[in-house]
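Here's the structure, in C-alpha cells; my notes come after.
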Amino acid sequence: MSKVTSMRDAVAEVVHDGDVVAIEGFTHLICFAAGHEIIRQRKRDLTLARLTPDLIYDQMVAAGTARKLVFSWLGNPGVGGLHAIRRRVEDDDPAPLELEEYSHFGMVGRYTAGASNLPFFPLRSYFETDLPKANPLIRPIKSPYGDETVYAVPPLKPDVTVVHAQRADAEGNTQMWGLLGCQKEAAFAAKRVIVVVEELVDEAVIRADPNRTVIPGLIVDAVVVEPWGAHPSYVQGGYDRDNHFYRDWDAISREAASTQAWLDEWVYGVSGRAEYIEKLGPERLASLRPSGAAPSGSVDYGIYR
Amino acid sequence: MSKVTSMRDAVAEVVHDGDVVAIEGFTHLICFAAGHEIIRQRKRDLTLARLTPDLIYDQMVAAGTARKLVFSWLGNPGVGGLHAIRRRVEDDDPAPLELEEYSHFGMVGRYTAGASNLPFFPLRSYFETDLPKANPLIRPIKSPYGDETVYAVPPLKPDVTVVHAQRADAEGNTQMWGLLGCQKEAAFAAKRVIVVVEELVDEAVIRADPNRTVIPGLIVDAVVVEPWGAHPSYVQGGYDRDNHFYRDWDAISREAASTQAWLDEWVYGVSGRAEYIEKLGPERLASLRPSGAAPSGSVDYGIYR
Amino acid sequence: MSEPRPAERSAPETQAFTKSEMMIVAAARELAGQRVCFVGVGLPNIAVNLARLTVAPSLELVYESGAFGAKPARLPLSIGDPTIVTGATAAVSMFELFSFYLQGGLVDVGFLGAAQIDRFGNINSTVIGDYDHPRTRLPGSGGACEIAINARQVFVIMRQSKRSFVDRIDFRTSPGNLGGAETAARIRREEGWLGRGPSVVVTDLGIYHFDDSGEMRLDSIHPGATLDQVRETIGWEPRVAVSLAVTPAPTVEELRLIREQLDPDGAYRK
Amino acid sequence: MSEPRPAERSAPETQAFTKSEMMIVAAARELAGQRVCFVGVGLPNIAVNLARLTVAPSLELVYESGAFGAKPARLPLSIGDPTIVTGATAAVSMFELFSFYLQGGLVDVGFLGAAQIDRFGNINSTVIGDYDHPRTRLPGSGGACEIAINARQVFVIMRQSKRSFVDRIDFRTSPGNLGGAETAARIRREEGWLGRGPSVVVTDLGIYHFDDSGEMRLDSIHPGATLDQVRETIGWEPRVAVSLAVTPAPTVEELRLIREQLDPDGAYRK
C-alpha cells in the first residue's frame with residue numbers, strides 16, 4: 000500500500016499542535032523541508048527534540064511553533080550560537096522557552112530506550128557534573144552486580160519523528176548511507192513517522208540490499224518525495240552542506256526583525272520546497288553538487304532456491 | 000600494519016587454555032575452521048559462549064576442549080538435539096559440563112553490555128519464568144522512573160571472539176552482509192578478536208562503503224584468510240548452508256565412538272581447512288554454490304573536496 | 000455433544016492428508032488477518048510460510064536471526080538461512096531485532112513450538128526432569144521467553160501427547176496465562192508486558208483457544224481425530240467447546256504448496 | 000626563572016604566524032604517538048587534522064557524528080560533513096559510536112574546547128551565570144560530558160582570557176581533576192571511569208600539563224608570549240614549570256598545511 004503523499008498533507012495529518020516532534024539527523028539529512036512546512040502550517044506548542052537543534056529549530060522557535068526544547072547541543076556548528084533560541088532563553092524574548100537538557104549520549108540513550116520500550120537506559124556519563132542538578136530526570140541507578148552506580152536517562156517517545164533519507168519505496172522501507180546519527184532509534188521510538196526522501200524507488204531496489212535498510216515501512220505513516228529537502232543540510236552522495244548559509248544565518252538571526260524577514264521570504268513566501276529550490280537558483284544548487292562520484296561497489300547476496 | 004596470519008598461528012597465539020571463547024554467528028558465518036583448529040591444538044578448559052552452540056560447540060565439547068557453556072539455545076536447528084553436549088549434561092559422560100543459560104535477548108544484552116562497558120543490560124524478559132531461578136545472574140532491577148521492575152543480565156566479555164566474514168582488509172577492517180547476528184557486539188566486548196574471511200581485500204574496497212563495515216581493524220588482533228572456513232555453516236552470496244551435514248551429524252554424534260571417529264577423520268586427520276575442503280570434494284562444494292547472483296547494486300557517497 | 004462422524008469431516012474432493020499436514024494447514028489459517036509474525040524454528044516455520052502463500056499474503060515474517068519482510072524462495076531447514084535474506088526488506092542485527100521489533104511492540108504474533116505445555120499455555124522448552132540433573136536436556140529458551148512476554152499474542156503449534164500436554168510443566172521457559180487469566184492479566188499490567196499471552200494452540204488433533212479463565216479450550220477437532228484421542232493425549236481433563244467445530248480439511252492447493260513448494264523432502268509433513 | 004626572551008623563541012627561518020596558528024600547531028604536536036582521537040567541533044577539528052598530516056600519520060579520527068578512520072579531503076566546518084564519510088573506514092550510528100567506541104574504552108584522546116576552565120581542568124560549556132536564568136546560554140555538553148569521563152585522556156584547546164580561565168566555573172559540564180588529583184583519582188576508581196582526566200591544555204599563549212596535585216602547570220610558553228600576558232589572562236595565580244620551555248615556532252610545512260590545505264578561508268587561524 001502506497002504511503003506517498005505531499006509534504007503539506009503529511010504535516011497536516013501527522014503533526015498536531017502540542018506534539019513532541021523530533022526532526023533528527025546529526026548534521027546530515029536534516030529535513031528542513033518538513034520544518035518549514037510545520038512553520039507554514041503555524042503548528043503551535045510543540046516540544047522539539049533533537050540532539051543538535053541546529054538552524055532548523057532556531058527557525059521553528061523564531062516562528063513561534065515551540066514551547067520547549069529537548070536537546071544536547073545548542074549551536075551552529077563551527078559558527079556560533081543560535082540567536083533566536085538564545086533570545087528566548089536569555090531574555091524571554093518574545094516568550095520563555097523551556098529547556099530539557101542532556102548530553103549527546105544521553106539523548107541517544109533516550110531514543111534507544113523509547114525504541115526498545117525500556118523504562119530507562121543506563122550509561123556512564125554525568126558523574127561529578129552539574130547536569131543531574133540541572134535536569135532531575137538524569138538519575139543514578141545502582142547495578143545489581145556489585146556496588147557500581149551509573150546514570151540513567153528516561154525513554155523519549157516522540158509523537159512524530161521526521162527522517163530524511165536518500166531513498167525509500169512507496170511503503171516507506173527506507174535506506175540511507177553516510178552518517179546515520181540516531182534516526183533509526185528516533186523513528187522506532189516514535190508513535191508516527193514521516194519519511195522524506197530524495198528519491199522514490201521500486202521495492203526491488205530496497206530488497207536488493209536488505210542490510211542497507213534503516214527504517215522498515217512497518218513503522219512509517221507517510222512518505223514524501225522532496226528532492227533537496229535537506230538543504231542547507233546535506234545528503235551524502237547527493238549534495239553538499241551549504242556552509243555559506245550556515246554562516247549567513249548567524250547574521251540573519253542576530254535580530255528578531257531580520258529573522259522574521261527571512262522567514263517571510265523563504266518560508267511563508269514560498270508554497271513549498273519546490274519553490275524554495277527554484278528561488279535558490281540553479282547556480283547555488285550546482286555549487287553544492289559533489290565534485291565526483293564515489294561508488295560503494297556492489298556485493299552479492301546470492302540466489303538460494 | 001598487516002595482521003594477516005595463518006589459522007594455526009592465530010589460534011596458537013590468541014587462544015589460551017581456560018579462556019572464555021565466543022565463536023559467534025547466528026546460523027550464518029559460523030567459523031568451523033577456527034573451532035577445528037582449537038580442537039587440533041588441544042586447547043583445554045575453555046568456557047564456550049554462543050547463543051546457539053550448534054554443531055561446532057558439540058564437536059568442541061566432544062573433543063574435550065570445554066568445561067563450560069554459556070548459551071541460550073542448545074540444538075541442531077530443524078534437526079534435533081546436540082548429542083555430545085547432552086551426554087555430558089544428562090549423563091556426565093565422560094565428564095560433567097557446566098551450563099550458564101540465558102535467552103537469546105539475554106545473550107545479546109550481555110554482549111552489548113560487554114561491548115559498552117556497562118555493568119548490566121536491562122531487558123523485558125524473564126518475568127514469571129524459572130530462568131532467574133536456574134541462573135541467579137539474571138536479576139531484577141528497578142527503574143528509577145516509577146515503580147517498574149525489569150530484568151538485568153551481566154556483561155559478557157570474552158577473552159577471544161572469532162568472527163567469520165565475507166571480507167576484510169589486512170588491518171582487520173571487516174565487512175559482512177546477510178544475517179549479522181551479534182558478531183559486532185561480541186567482537187567489541189572481547190579482549191582479543193580473530194577475524195576469518197573468505198576474501199582479503201584492499202583497504203580501498205572497505206573505504207568505498209564505510210556503512211558496510213561491521214568491525215574496525217582497531218579491535219582486531221589477527222586476520223586469517225580461509226575460504227570455505229564456515230562450512231557446514233554458510234556465507235551469504237558465497238555458499239549455502241550444508242543442511243545435509245547438519246542432518247548427518249545427528250547420526251554421527253549419537254554415539255561417542257562415531258563422534259570420535261568423525262573427529263579423527265575430519266579434524267585431527269587433516270592439517271587445516273584447505274585439506275578439509277579438498278576432502279569434501281569439488282562436487283560437494285559445487286552443490287553449495289548459489290544458483291545465481293543477487294547483486295546489491297552500488298550507491299554513491301560522492302567526492303567532497 | 001456428539002462425536003463428529005468421520006464422513007462429515009472432509010469434503011469428498013479433498014485428497015488424503017497426514018495429521019502433520021492438517022496441523023500445519025490449521026495453524027496457517029489462524030494467521031489470517033495478522034500483520035507481523037515472529038517465526039520460530041521447526042513447525043512454525045512451515046505454517047507461517049504457508050500462511051504467507053495463502054490466507055495472509057501481506058504477512059511480514061520476522062526471523063529472530065535478523066531478517067524482516069523475508070520472502071524465502073524455499074523453506075529453510077533452520078530459521079537462519081541465506082534464502083530468508085536475499086530479497087528481504089531488511090536484515091538487521093539481533094540487538095535491533097529483539098530491542099526495536101520485538102520488545103518495541105511491533106510483533107503481532109509470536110509463533111512457538113514447545114516440549115511441554117500446561118492448561119494455561121505456560122511452556123517448557125528447557126528440561127525434562129530436574130534442572131540441575133535433567134532426564135532430557137532440551138534446547139532452552141532461545142527467544143521463546145521474550146517472545147511470550149513481548150509479542151502481542153502467542154500461537155503455539157505442537158503435537159499432542161501425555162508427555163507434552165501435562166498437568167505441571169517441569170520448567171517454565173515462557174509464561175502463558177500463569178495460574179489463570181485473572182492473575183495473568185494483573186501481572187502483565189503491573190509488569191508492563193506488551194503481550195496478552197497465548198491465544199491459540201494448534202495440535203495434530205485440533206485447535207484450542209483460551210477461555211475466560213485462561214484455560215485451553217478445544218474449539219475445533221481435525222477430521223479423523225476423536226475426542227477420545229484428544230483426552231488420551233492430554234494430562235488433564237480438557238475443556239471442549241459446546242459447539243465444537245470440525246476443522247475443514249486441507250484444500251488441494253494447501254496440500255500442493257506444502258508438498259511441492261514448502262516441504263518437498265517431507266521433513267515436516269510426515 | 001627569567002622570562003624567555005623573544006629572540007630565542009623562533010628560529011630565524013620561520014615565517015610570521017598568528018597566535019591561533021601557534022596554538023593549533025602546538026595542539027597537533029601533542030598528539031604525537033596517539034592512536035585514536037575523538038574530534039570535537041572547532042579548534043580541535045583543525046588541530047587533529049594537522050596532527051594526522053604531520054606528527055601522527057596513523058592517528059584514527061573518530062567523529063561523534065559517527066565516522067571512524069576518517070580521511071577528510073578538506074577541513075569540515077562542522078564535525079558532520081560528507082567529506083568525513085567518503086573514504087572513511089566505518090560510518091556507524093551514534094549509539095554504536097558512543098557505546099562501543101567511546102564508553103567501550105577505545106578512544107585514547109578526547110579533544111575538547113570550552114567556554115570556561117578552572118585550574119583543575121574542570122570544564123563549563125553550558126551557561127555563563129545562573130543555569131535557570133543564564134547571562135549567556137552556551138551550546139551545552141554535546142558529547143563533552145561523556146568524553147571527559149570515558150576517553151583515556153582529555154586534551155583541551157582554548158584561548159586564554161580572564162573570562163574563560165576562571166577561579167570557579169559557573170557550571171560543571173565535563174569533570175576534570177575535580178577538587179584535586181587525589182580526590183579525582185579516588186572517584187574515578189570508585190565510579191569505574193575509564194578516563195584519567197585532562198592531560199594537556201593548549202592555549203594561544205602556552206602549553207599546560209597537570210602536576211601531581213592535579214593543577215594546571217605552564218610547561219611551555221609560545222614564542223612572542225610573556226608570563227605577564229599569561230597571568231593577565233588567568234583568573235588564578237598559575238603554576239609555572241621550573242624549567243619553562245619555549246614552544247618551537249610553527250614550521251614552514253605546518254603553516255603551509257594550515258593555510259593552503261586545512262583552512263584556506265582563514266576561519267580558524269585569524
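Residue numbers (numbering that gives the first Met the number 0), protein chains in the order written: chain G, 0 to 304; chain R, 0 to 304; chain X, 0 to 269; chain C, 0 to 269.
Glycine is no exception: its CB is placed at the ideal position from the N, C-alpha and C atoms.
Residue from the options whose Cα sits closest to the Cα of residue i
i	options	result
residue 216(R)	193(R), 251(R), 208(R) and 120(R)	193(R)
residue 166(C)	81(C), 123(C) and 264(C)	123(C)
residue 11(G)	256(G), 244(G), 103(G) and 191(G)	191(G)
residue 160(C)	72(C), 131(C) and 232(C)	232(C)
residue 142(C)	244(C), 29(C), 62(C) and 241(C)	62(C)
residue 271(X)	106(X), 210(X) and 177(X)	What the structure shows of chain X is the stretch from 0 to 269, and residue 271(X) is not part of that stretch, so it cannot be assessed.
residue 96(X)	100(R), 39(R), 107(R) and 99(R)	107(R)
residue 46(G)	120(G), 75(G), 97(G) and 290(G)	97(G)
residue 156(G)	228(X), 121(X), 103(X) and 18(X)	103(X)
residue 77(G)	60(G), 51(G), 86(G) and 84(G)	51(G)
residue 209(R)	25(C), 82(C) and 76(C)	82(C)
Cα-Cα separation between residue i and residue j, rounded to whole angstroms
i	j	result
residue 119(X)	residue 223(X)	26 Å
residue 139(G)	residue 114(R)	21 Å
residue 167(G)	residue 203(X)	43 Å
residue 196(X)	residue 235(X)	21 Å
residue 264(X)	residue 170(G)	36 Å
residue 231(R)	residue 163(G)	41 Å
residue 306(R)	residue 284(R)	Because chain R spans 0 through 304 in this model, residue 306(R) falls outside it and cannot be assessed.
residue 41(R)	residue 266(R)	11 Å
residue 148(G)	residue 136(G)	16 Å
residue 6(C)	residue 52(C)	Confidence in residue 6(C) is poor, its pLDDT being 37 and thus under 50, which makes the residue's placement unreliable; the coordinate value appears in the next sentence. For residue 6(C) and residue 52(C), the distance between alpha carbons rounds to 29 Å.
residue 262(X)	residue 193(C)	54 Å
residue 86(C)	residue 87(X)	28 Å
residue 210(C)	residue 218(C)	10 Å
residue 143(G)	residue 114(C)	38 Å
residue 3(C)	residue 201(C)	Because the pLDDT at residue 3(C) is just 42, under 50, the model does not fix this residue reliably, and the value given afterwards should be weighed accordingly. Going by the C-alpha atoms only, they are around 18 Å apart.
residue 242(C)	residue 208(C)	13 Å
residue 53(R)	residue 109(R)	19 Å
residue 78(C)	residue 70(C)	13 Å
residue 7(G)	residue 21(X)	51 Å
residue 120(G)	residue 297(R)	36 Å
Cβ neighbours of residue i in the same chain (closer than 6 Å, five flanking residues each side left out)
i	result
residue 158(R)	18, 19 and 190
residue 351(X)	Nothing can be reported for residue 351(X): it is not among the residues displayed for chain X, which extend from 0 to 269.
residue 125(G)	131, 137 and 150
residue 35(G)	266
residue 84(G)	57 and 60
Other residues of its chain near residue i: CB distance less than 8 Å, five sequence neighbours each side excluded
i	result
residue 1(R)	169, 170 and 222
residue 134(R)	99, 100 and 101
residue 303(G)	none
Own chain residues within Cβ distance below 7 Å of residue i, not counting five before or after
i	result
residue 218(G)	186, 187 and 192
residue 288(G)	238
Nearest-angstrom beta carbon gap, residue j and residue i [assumed within contact, 8 Å]
i	j	result
residue 32(R)	residue 195(R)	6 Å
residue 80(X)	residue 26(R)	7 Å
### Query
Curious, which full-length beta strand (DSSP E) runs of at least 3 residues does the region 140–179 of chain G contain?
148–152 and 159–167
### Query
Considering only residues of the region 25–68 of chain G, which uninterrupted beta strand (DSSP E) runs meet the minimum length of 3 residues and lie entirely inside it, listed in chain order?
The region 25–68 of chain G contains these whole beta strand (DSSP E) runs: 45–48.
### Query
For the region 122–181 of chain X, which segments carrying the beta strand (DSSP E) assignment without a break, of at least 3 residues, lie completely within its bounds, in sequence order?
126–128, 133–136 and 152–156
### Task
Would you list, in sequence order, the uninterrupted beta strand (DSSP E) runs of no fewer than 3 residues that lie entirely inside the region 11–73 of chain X?
35–38 and 59–62
### Task
At 3 residues or longer, and completely inside the region 218–261 of chain X: list those beta strand (DSSP E) runs for me, N to C.
With a minimum length of 3 residues, the continuous beta strand (DSSP E) runs that stay inside the region 218–261 of chain X are 238–245.
### Query
Which full runs of the alpha helix (DSSP H) of 4+ residues lie inside the region 168–237 of chain R, going along the chain?
182–188 and 202–206
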